[in-house]
Each structure stands twice: as C-alpha cells, then as structure tokens.
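Numbering (this note's numbering), first residue to last: 774 to 1024. First comes the structure, then the notes that go with it.
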Ligand SMILES: Nc1nc2c(ncn2[C@@H]2O[C@H](COP(=O)(O)OP(=O)(O)OP(=O)(O)O)[C@@H](O)[C@H]2O)c(=O)[nH]1
Ligand SMILES: [Mg+2]
C-alpha cells in the first residue's frame, strides 16, 4: 500500500474525475475505494450517455455527477472535469477510470510527484510494476509513442496513453482552456500540448488491474487501427497551435 502524501492532502484541493460510460457494475465500488484511500476528497463522475444506472449509483455512493447530453468520449468528459475544477478552484485533478482498473491506493504516489514539482504525474503500466502487457499493433504503437515522446520531453516517458494521471494547477489551467476530445487526443495530443507549454511531466509505476465487469472498449478492429490513429493524432498535435500557460503562472 502506498501512503498518501500528507502535504498534498493538507495543502491542496484535490478533485478526482472519473469518466464513465455504462459502468454500473463497478462505479460505486471505485468511489468507495477512493473515499477509503483519500478521505475527504471530492469526486466528480462525468457520465455522457450511459444507458444503465451509472449516474444514479455514483450519486448514491457520494460523488458529484455531471451528465453530458451527447457522448463526447473520455476527452470530452475530462474537458468537463478540468473546467469544473478551474471554476471551483481545485489545485489538482486526478483522472481515475470507473471500471476499477486503476487502484485508488496509488493516487498517493501521483500526488507525491506533484509535490516534487511535476505539473503532470502519469501512472505508467510499463515501468516495472504489475503484469500488464500490450500486444500486437497496440504494443508497437505504444513503443513508438514512448520513443517519440521521450525525445520531445527530454526524458523517458514509458506510457504515453495512460489514463491514470494527476494534473497540478498549471495543467488544469491549460486543459480547462482546451482539452482534445478525439479518440487518443486526450492522451497523445494533450501530452504534446503539455510539453509545448513547458509543463513538467513525471511518471511512476502503477498496476493496471483486470477489467472484471462492464464492456471493454478494445476490439481486434480497434486495436488494428490504433497504430495509424496514434500516428495521425501525433502528427496533428505537432502541427496544431494550442493555448499555453506562462511561466509566470507557475504555482
Ligand atoms: N464519459 C465517458 N467515459 C467513457 C467513455 N468511454 C469510456 N469511458 C470511461 O473511461 C474509462 C476508460 O475507458 P475504458 O473503456 O475502460 O478504456 P480502457 O481502460 O483503455 O480499455 P479496457 O481495457 O477495455 O477497459 C472507463 O471508466 C470508461 O467507463 C465515453 O465515451 N464517455
Ligand atoms: Mg478500462
């Protein structure tokens, strides 16, 4: 078990943002695990278009719930989360999946990286902890992305598409102004934006738990197009101009 950083809990207002689509089987348990691991932390579930009891169960478990009227995907859900956090003065946003694959006990390790000066703390599935392995085209895409982003950032980034991450004040400000909503944009393009804005990115090993309920978003077809889409998302991100934060905004 990883101890939650005492500094973070004492001095920072932390918002856990959980994107959710049809996760009625797991969402309440994840909320309860977050509450156990991070007592007193606010939780926002962003549900865009679930046709099951996700929103009702999340509310009953004690989370705030934002329901979007059209499905915007994980990126659109996180954009909502960043805007909510910016409007309410949160210092940290932590993205945690609603399907139970991210262990809320590991949020403390992400917060500790923010305490050490990172703007974005990424939980890496490929940094030596746990048995998670990507296979096939997905694996090659992830290795290629890791090589490109390590070069862009100037240090090793092993898990570019991780959805388990914590963002500090400068990252919240940047992502509240714009957060990519396309498939993979919320990971690949968002990271390019962060590097361009001179935000500091750090990573810590995490365990990716098996999905035990709900519907996986992967399929053989989706995996097959992953590599080309990731490359395209990266190219688009590299040629687009996006808002940045000043160094004077440093927290
Ligand atoms: N708000 C919102 N959340 C979504 C959407 N699609 C997936 N999610 C949630 O985002 C999180 C990650 O999605 P997953 O489908 O688990 O993606 P993944 O973990 O890469 O893939 P799996 O291995 O299939 O679990 C989960 O909490 C999902 O419920 C969506 O369209 N909108
Ligand atoms: Mg998942």
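Even for Gly, the Cβ is constructed at its ideal location relative to N, Cα and C.
Here the C-alpha atom of residue 801 lies approximately 19 Å from the C-alpha atom of residue 841. Restricting attention to 845, 921, 858, 898, the CA atom closest to the CA of residue 982 is found in 898.
As the crow flies, the alpha-carbon of residue 964 is around 11 Å from that of residue 919. In the three-state scheme derived from DSSP, where H, G and I count as helix and E and B as strand, residue 938 is classed as strand. Taken in chain order, the unbroken stretches of alpha helix (DSSP H) that lie wholly in the stretch 840-898 and span 4 residues or more are 846-860, 880-888. The beta carbon of residue 797 sits no closer than 6 Å to any heavy atom of ligand 2.
7 Å or more divides the Cβ of residue 854 from the Cβ of residue 954. For residue 791, the secondary structure class from DSSP, reduced to helix, strand or coil, is strand. With a cut-off of 6 Å, the C-beta of residue 909 is classified as distant from ligand 1, since no heavy atom of the ligand falls inside that distance. Following the DSSP letters along the chain, one finds residue 804 inside the alpha helix (DSSP H) bounded by residues 800-810.
The C-beta of residue 809 has fewer than 16 other C-beta atoms within 10 Å across all chains shown, which makes the residue exposed.
Residue state for residue 824 is assigned as coil, using DSSP reduced to three classes. In terms of side-chain proximity, the C-beta atom of residue 872 is found nearer than 6 Å to a non-hydrogen atom of ligand 2.
Burial of residue 942 is indicated by the presence of at least 16 other C-beta atoms within 10 angstroms of its C-beta. Judged by the Cβ position, residue 786 fails to qualify as a neighbour of ligand 2 at the 6 Å threshold, every heavy atom of the ligand being at least this far.
Using a 10 angstroms sphere on the CB of residue 934, the tally of other CB atoms reaches 16 or more, which defines it as buried.
With fewer than three CB-CB distances shorter than 8 Å, the stretch 820-839 does not count as touching the stretch 999-1008. Apart from sequence neighbours up to five positions away, the residues of its chain that approach residue 984 with a beta-carbon distance below 6 Å are 872, 874, ordered along the chain.
7 Å or more divides the Cβ of residue 797 from the Cβ of residue 837.
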